[in-house]
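What follows is a set of notes on a single structure, which appears directly below.
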Amino acid sequence: MRRVAIIGAAQTRFEARKASLAYNELVYGVVRELLDRTGISMREIESMVTASQDAYDGKTISSMAINEVVGAYLKSEAKVAADGLQALLYGAARILSGEFDLTLVVAHCKESEGQPSAITGLMFDPFLQRPLGLEELIAAALQARRYCRRRGVRPEDVAFVAAKAHCQALKNPYAQRAGAFTVEDVLASPILADPIHELEAAPRSDGACAVLLASEWRACQLTDRPVYIVGIGNCTDAYWTERDLAEARALQEAARRAYAMAGISDPAREIDVVELSARYAHEELMAIEALGLHTSPVEFITQDRAPFINPSGGPLCGNPPTVSGLVRVVEAYWQLRGEAGERQVLGARTALAHGAGGICGQNQTVVILRRA
Amino acid sequence: MDEWIVRQKIRIPFRYTAGRAISRFLLGLAERRIWATRCEGCGRVYVPPLGFCGRCWREIAEWLELSDEGELVSYTVRPAKPPEIFGLIRLDGADSHLVHRLGEVEPTELERVVRVRAVWREDRTGSILDIAYFAPVRSKSLT
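Chains as they are written, first to last, in my numbering: chain R, 15 to 386; chain B, 91 to 233.
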């Protein structure tokens, strides 16, 4: 089978508000950086897949604003109005089709422009849920309590996840929020929606990232250190009120498919770095279990066992929506190339990137990457 | 660097079609009734009702009425004055959840609440807000 390689990646620093940059300028900056890093010219890139959301951009067909800065003039561009990791999936499919050898995948979001709670509120059912004043945070809090009760997870355990993430982010120059926080600091941060504290929820972020995909033969021409996509799994669950929120069946299934494709039978041993799209701290515990890394996620994180979870700090330290899943690939790519600076996991050979979308993670994507 | 910001509001008038299943549910609420559907494939009882079971990929034709009482599966409190309390409720006999506001309860008491019942508004219009909120069922007789 043909293989898809990643031959370049870039991301902007995540910030609460990038007030001086319009969407197109933000995106141009990250694409420019990717090309500068790889030495590949825009002329060579044949197709683009972008990820953005109309509601966040305040504009119908949000990709119209960035078509030209991603280099799509008189080329083929398609937009995914979902998590950026799904854009990667479609970009990979374009390469596998044989039609294109170089495809650029770009995600952007400036959460600071529209009112976030109003935008996430629009996700909910207009008849039965929106009149109650729901926003994403409320659904996440209902899930957090359900999961923690069911699995006997204590508030300190969830707070530990958040404290760990912010400590790790101290080594990530792109992070928006970092600090040597303790469990006590996390539990002392304001409650957003009980049991979720401010430091246990991803902050509102502006940012963008880009990944360059190549067919195997083209990758070998352009770089001597390609990273290959060796497994992809995507799975959709029932609507959030029609399933048990303590379970993550879609993620289990997405992981099963990705592992099967990558030939992974013991993920905890075979994967070196895991980048999770856990936008709320409890989601990291749910994911560790669903990905089959450990049956007791609390034990797993407190024992500091391999593989390394979110050396970047993860979404808790900066999380532009839709960029979330794709930036996990950027981070994994750098880890596998040995270019992750101070946060480098030594000898990383195989990485897992996770993306989630929908209310309480209705849609899940798992991608396995391996260096050549 | 100049930071010129243009402020606008997006307002889009919308006429959402409730469809067959949700229309029946909302009209039922006006009569203080809670309508559910049952999938003949998997036996799941859905409330709010679904006209289609995604798990079995088949239409659902069977309707049944449920009581307005059930189990509080989860809750959250959003700090505000007064605090806003949301609950995830599984009505008796249902396999899916209804989200709603909780009332007649202090946030500190919530951890002990197991069962809740709907508190209906007097002026009902065929809206989810015909249920004002769900309140704890305080005493449970075993007769």
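Each residue gets a CB set at the ideal place from its N, CA and C atoms; glycine is no exception.
For clarity, every value in this text was computed on a predicted model and none was experimentally measured.
Of the residues the options, the one placed nearest residue i, counting alpha carbons only
i, options, result
"Val197(R)", "Leu35(R), Tyr188(R), Cys181(R), Asp208(R)", "Cys181(R)"
"Leu305(R)", "Val44(R), Gln317(R), Ala292(R)", "Ala292(R)"
"Leu216(B)", "Cys143(B), Arg122(B), Thr127(B)", "Position check: residue 216(B) holds Gly in this sequence, whereas Leu was assumed. Answer by Cα proximity: Arg122(B)."
"Arg191(R)", "Gly328(R), Ala295(R), Ala260(R), Gly53(R)", "Gly328(R)"
"Ala121(R)", "Gly339(R), Gly375(R), Thr316(R)", "Gly339(R)"
"Leu102(R)", "Leu118(R), Lys89(R), Glu91(R)", "Leu118(R)"
"Lys89(R)", "Ala69(R), Ser61(R), Cys234(R)", "Ser61(R)"
"Ile21(R)", "Val344(R), Ala272(R), Ile133(R), Arg108(R)", "Val344(R)"
"Gly332(R)", "Arg168(R), Gln67(R), Phe28(R)", "Phe28(R)"
"Arg128(B)", "Ile150(B), Arg110(B), Pro138(B)", "Ile150(B)"
"Leu48(R)", "Val241(R), Gly277(R), Val225(R)", "Val225(R)"
"Thr166(B)", "Pro204(R), Gln67(R), Ile210(R), Val94(R)", "Ile210(R)"
"Leu236(R)", "Leu116(R), Arg257(R), Gly355(R)", "Leu116(R)"
"Gln157(R)", "Thr134(R), Tyr294(R), Met56(R)", "Tyr294(R)"
"Ala184(B)", "Ser157(B), Arg114(B), His190(B), Ile100(B)", "Ser157(B)"
"Ala19(R)", "Ala106(R), Ala365(R), Ala272(R)", "Ala106(R)"
"Val209(B)", "His190(B), Arg97(B), Thr198(B)", "His190(B)"
"Arg105(B)", "Lys178(R), Ala92(R), Phe141(R), Gly247(R)", "Phe141(R)"
Helix, strand or coil at residue i according to DSSP, with G and I counted as helix
i, result
"Thr215(B)", "coil"
"Asn38(R)", "helix"
"Thr237(R)", "coil"
"Asp139(R)", "coil"
"Cys331(R)", "helix"
"Val167(R)", "coil"
"Ala225(B)", "strand"
"His308(R)", "coil"
"Thr233(B)", "With a pLDDT of 46 at Thr233(B), under the threshold of 50, the modelled position of that residue is not reliable, and no figure is offered here."
"Ala19(R)", "strand"
"Tyr87(R)", "coil"
"Thr336(R)", "coil"
"Ile210(R)", "strand"
"Glu149(B)", "strand"
"Glu93(B)", "coil"
"Val137(B)", "coil"
"Lys178(R)", "helix"
"Ser113(B)", "helix"
"Phe314(R)", "helix"
"Glu284(R)", "helix"
"Ile133(R)", "helix"
"Gly361(R)", "coil"
Partner residues on chain R for residue i, Cβ-Cβ distance less than 8 Å
i, result
"Ile112(B)", "Phe141, Leu142"
"Leu178(B)", "Leu156, Arg160, Thr255, Leu259"
"Glu93(B)", "Ala33, Ser34"
"Ala108(B)", "Phe141"
"Leu116(B)", "Phe141"
"Ile124(B)", "Per Cβ cutoff of 8 Å: no residues; Ile124(B) is ~12 Å from chain R at best."
Bridge-paired residues (DSSP) for residue i
i, result
"Ala367(R)", "Glu289(R), Val381(R)"
"Trp125(B)", "Glu155(B)"
"Asp71(R)", "Answer is none; Asp71(R) lacks a bridge partner."
"Arg205(B)", "Glu161(B)"
"Gln25(R)", "Cys223(R)"
"Ile122(R)", "Per the sequence shown, the amino acid found at residue 122(R) is His instead of Ile. Paired residue(s): Ala222(R)."
"His296(R)", "In the DSSP output, where bridge partners are listed per residue, His296(R) has none listed."
"Thr255(R)", "In the DSSP output, where bridge partners are listed per residue, Thr255(R) has none listed."
"Trp210(B)", "Ile221(B)"
"Leu116(R)", "Ala228(R)"
"Met78(R)", "Met78(R) is not bridged to any residue."
"Asn248(R)", "Thr379(R)"
"Leu188(B)", "Ile179(B)"
"Phe322(R)", "Val287(R)"
Neighbouring residues, chain B, relative to residue i (Cβ below 7 Å)
i, result
"Ser111(R)", "None at all; the shortest Cβ gap to chain B is about 28 Å."
Under 7 Å by beta carbon: chain R residues contacting residue i
i, result
"Leu219(B)", "Pro145"
"Arg191(B)", "Leu146"
"Gly144(B)", "Ala252"
"Ile102(B)", "None at all; the shortest Cβ gap to chain R is about 10 Å."
Within chain R, the residues that residue i reaches when beta carbons sit closer than 9 Å
i, result
"Pro139(B)", "The premise fails here: Pro139(B) is roughly 10 Å from chain R at the closest Cβ pair, so nothing lies under 9 Å."
Proximal residues of chain B, C-beta to C-beta of residue i below 9 Å
i, result
"Ile152(R)", "Thr166, Arg168, Glu174, Phe176, Val189"
Any chain C beta carbon closer than 8 Å to residue i
i, result
"Pro217(R)", "Here chain C cannot be found, since the structure's protein chains are R and B."
Item to check | Against chain B: residues of the stretch 224-254 of chain R by CB proximity under 7 Å | outcome: Ala252
Checklist entry - Given a limit of 9 Å on CB to CB distance, which residues of the stretch 147-170 of chain B reach chain R? => result Val163, Ser164, Tyr165, Thr166, Val167, Arg168, Pro169
Checklist entry - When you check each C-beta in the stretch 195-221 of chain R against every C-beta of chain B, which residues fall closer than 7 Å? => result Ile205, Ala207, Asp208
Next on the checklist: Against chain B, which members of the stretch 53-76 of chain R pass a CB distance test of less than 7 Å?
Outcome noted: Gly72
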